[in-house]
């Protein structure tokens with residue numbers, strides 16, 4: 390799986406938007422970009438994923454660069470509950486079942502200040 | 066729809082004992098994954114199973130660890146003769162299909178004394 394690079398940590402204020410960047414310069418044409426997050430003392434939680442177009446769901450938005458070498462997870466209004474480690478993960482959609490595993494990097498630790 | 070269930074949530078074992086961790090996937094999910102998170106480290110994939118089959122065990126330690134997902138009942142991660150280095154949080158995830166998102170359980174925190 391191609392590797393991703395994320396900042397180690399970021400800070401945000403409550404009620405403000407948060408932009409979490411991820412670089413994946415060696416992404417292949419069949420790699421989907423997935424985001425998961427892990428709240429303290431909990432299991433990871435799926436957030437969003439996309440291939441080429443920007444994506445929105447109830448939790449967040451995913452903005453994907455035109456060349457797909459980077460992406461940004463956008464939390465529109467951060468809450469204290471959004472404090473977590475956010476992981477950007479690439480998953481190859483066509484390599485078959487053997488690559489279903491998620492390869493977690495170190496992620497970005499998001500702190501939200503009241 | 067209940068989420069992924071893991072039990073026990075906390076497990077304490079002495080060195081040399083066996084640990085059995087159970088995972089019940091979400092209803093309708095036939096794909097199960099086990100991950101381990103050592104203290105102060107990231108999540109590492111261990112094994113991927115479908116009903117009665119191990120699909121990918123590339124992350125499993127070569128000795129003492131085994132996993133199964135029988136036709137009936139939960140998936141089991143078994144650690145024989147535990148050592149202090151096995152102390153970690155073990156997370157199970159399930160998915161509906163090969164490329165669907167994975168839903169994680171709350172984890173089992175294993176402490177080896």
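Residue numbers (our numbering), protein chains in the order written: chain E, 390 to 503; chain G, 66 to 178. Even glycine gets a Cβ: it sits at the ideal position worked out from N, Cα and C. Values in this document were obtained by computation on a predicted structure and should not be read as measured data.
| Check | Outcome |
| --- | --- |
| Cβ pair count under 8 Å reaching 3, the region 127 to 135 of chain G against the region 66 to 78 of chain G | no |
| Close Cβ partners of residue 145 of chain G (< 6 Å) along its chain, the five nearest in sequence each way excluded | 83 and 129 |
| Minimum Cβ-Cβ distance from residue 152 of chain G to chain E less than 7 Å | no |
| Cβ-based burial, residue 441 of chain E [other Cβ within 10 Å; buried from 16] | exposed |
| Short-range partners of chain E found in the region 76 to 104 of chain G, where Cβ spacing is below 9 Å | 96, 98, 100 and 102 |
| Beta-bridge pairing of residue 89 of chain G - partner residues as DSSP gives them | G:70 |
| CB contact check: residue 163 of chain G to chain A, cutoff 7 Å | Structure shown: chain A not included; protein chains present are E and G. |
| Distance CB(residue 101 of chain G)-CB(residue 153 of chain G) smaller than 7 Å | yes |
| Burial state of residue 454 of chain E, where buried means 16 or more other Cβ atoms lie within 10 Å | exposed |
| C-alpha gap between residue 160 of chain G and residue 402 of chain E, whole angstroms | 34 Å |
| C-alpha distance - residue 412 of chain E paired with residue 482 of chain E, whole-angstrom precision | 19 Å |
| Residue 150 of chain G - DSSP class collapsed to helix/strand/coil | helix |
| Three-state secondary structure (DSSP) of residue 440 of chain E | coil |
| Residue 503 of chain E burial status per 10 Å Cβ neighbour count (16 or more: buried) | exposed |
| Counted within 10 angstroms of its Cβ, other Cβ atoms place residue 426 of chain E as buried (16 or more) or exposed | buried |
| Among E:501, E:494 and E:498, the one whose alpha carbon lies nearest that of residue 107 of chain G | E:494 |
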